[in-house]
Amino acid sequence: MFAPRVSLVAAAVSVLLAGAGAAVAAPAKGPIATHGLAASSLAFSRFDDGSFETPTVPPATFQTFTAGQTIGPWQVTSGTADLIGAGYWQAAEGDQSLDLNGNNPGSVSQTFTTVPGTQYTVTYALAGNFGGPPTVKTGQVRIDGQDVQNFSFDVTGKTRTNMGYINRQVTFVATGTSTTLSFASTTPNSAWGPVIDDVTVKPCPPCPTCG
Ligand SMILES: [Ca+2]
Ligand SMILES: [Ca+2]
Numbered sequence: 000m001f002a003p004r005v006s007l008v009a010a011a012v013s014v015l016l017a018g019a020g021a022a023v024a025a026p027a028k029g030p031i032a033t034h035g036l037a038a039s040s041l042a043f044s045r046f047d048d049g050s051f052e053t054p055t056v057p058p059a060t061f062q063t064f065t066a067g068q069t070i071g072p073w074q075v076t077s078g079t080a081d082l083i084g085a086g087y088w089q090a091a092e093g094d095q096s097l098d099l100n101g102n103n104p105g106s107v108s109q110t111f112t113t114v115p116g117t118q119y120t121v122t123y124a125l126a127g128n129f130g131g132p133p134t135v136k137t138g139q140v141r142i143d144g145q146d147v148q149n150f151s152f153d154v155t156g157k158t159r160t161n162m163g164y165i166n167r168q169v170t171f172v173a174t175g176t177s178t179t180l181s182f183a184s185t186t187p188n189s190a191w192g193p194v195i196d197d198v199t200v201k202p203c204p205p206c207p208t209c210g
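Per numbering that gives the first Met the number 0, numbering of the sequence shown is gapless, rising by one per residue and ending at 210.
Structure, rendered in structure tokens:
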């Protein structure tokens, strides 16, 4: 659904123009919009919807997606994952979040345009599904299939109104014109996994002309 675009910078400029008109560009939050906006309709494959806001799940429910299915711009690449609707529990950003264990450990991936040799910072909010064992949820961040960060989250004392999200980050240097970012649960034999939300991907250091 996306045509390739050579540069994230070009993508960001296009977003500004689309959002603010040709003459005056409003201050940007960063070179890459990550929270939906009109972005999903733009025709290039920049990183999108790190907040898991699409598709919309009915409030106070969740929907299980299985390997081969898509969650907005994300692909479920193994197992199952639960897209958590508004109000089911706290989101870190927006209304929805993702339990990386649907009925069993799952992984989700998104492939986006990168500039080879450029370093990128991935940030995300991490919590856990407190509804069942184990107490400590574990998973991995993967870049092009390689584990670049192991993460864990202890759900002791956590509730739907006190998810206790923590902010994590990891950097990588792009080796190709596209990169695949994955989040994978390594929490076995459980329907209650690590929860992620508010994923962002930005060049680091930020492009000086992108605000
Ligand atoms: Ca969200
Ligand atoms: Ca689940």
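Beta carbons: idealized from backbone N, C-alpha and C, even for Gly.
Does ligand 4 have a heavy atom nearer than 8 Å to the CB of residue i?
i, result
"F51", "Of the ligands one can find in the structure shown, namely ligand 1 and ligand 2, none is ligand 4."
Which residues in the same chain have their Cβ closer than 7 Å to the Cβ of residue i, if we skip the five residues on either side of it in sequence?
i, result
"G105", "V75, S77, G78, T79, A80, L99 and S184"
"C203", "Q118, Y119, T120 and T170"
"G163", "A126 and K157"
"T134", "D153, V154 and T155"
"T63", "T79, D81, G101 and N102"
Output needed for residue i: all residues of its chain with C-beta closer than 6 Å, excluding positions within five of it in sequence on either side, in chain order.
i, result
"S40", "At S40 the pLDDT is 40, less than 50, meaning the model places this residue with poor confidence; the figure from the coordinates comes in the next sentence. For S40, where only same-chain residues beyond five positions count, there are no Cβ hits under 6 Å."
"R159", "W88"
"W73", "V107 and Q109"
"S189", "N100"
"T53", "G71"
"F129", "V154 and K157"
"E92", "S50, D196 and D197"
"A90", "S96 and D196"
"G116", "none"
With burial defined as no fewer than 16 other Cβ atoms inside 10 Å of the residue's Cβ, what is the status of residue i: buried or exposed?
i, result
"N102", "exposed"
"Q145", "exposed"
"G49", "buried"
"G71", "buried"
"T186", "buried"
"W191", "buried"
When the distance is taken between beta carbons, is residue j closer than 9 Å to residue i?
i, j, result
"A59", "G86", "yes"
"D143", "T176", "no"
"T112", "R167", "no"
"F182", "G138", "yes"
"V140", "F152", "no"
"T65", "Q95", "no"
"Y123", "T199", "yes"
"V172", "K136", "no"
Residues in its own chain within less than 8 Å of residue i by CB, not counting five upstream and five downstream?
i, result
"P57", "G84"
"I165", "A124, L125, A126 and F152"
"T69", "V75"
"F61", "D81, L82, I83, G84, Y87 and D98"
"Q148", "Q139, V140, R167 and V169"
Measure from the C-beta of residue i to each C-beta in chain B and report whether the shortest distance is under 9 Å.
i, result
"T60", "Absent from the structure: chain B. Only one protein chain is present."
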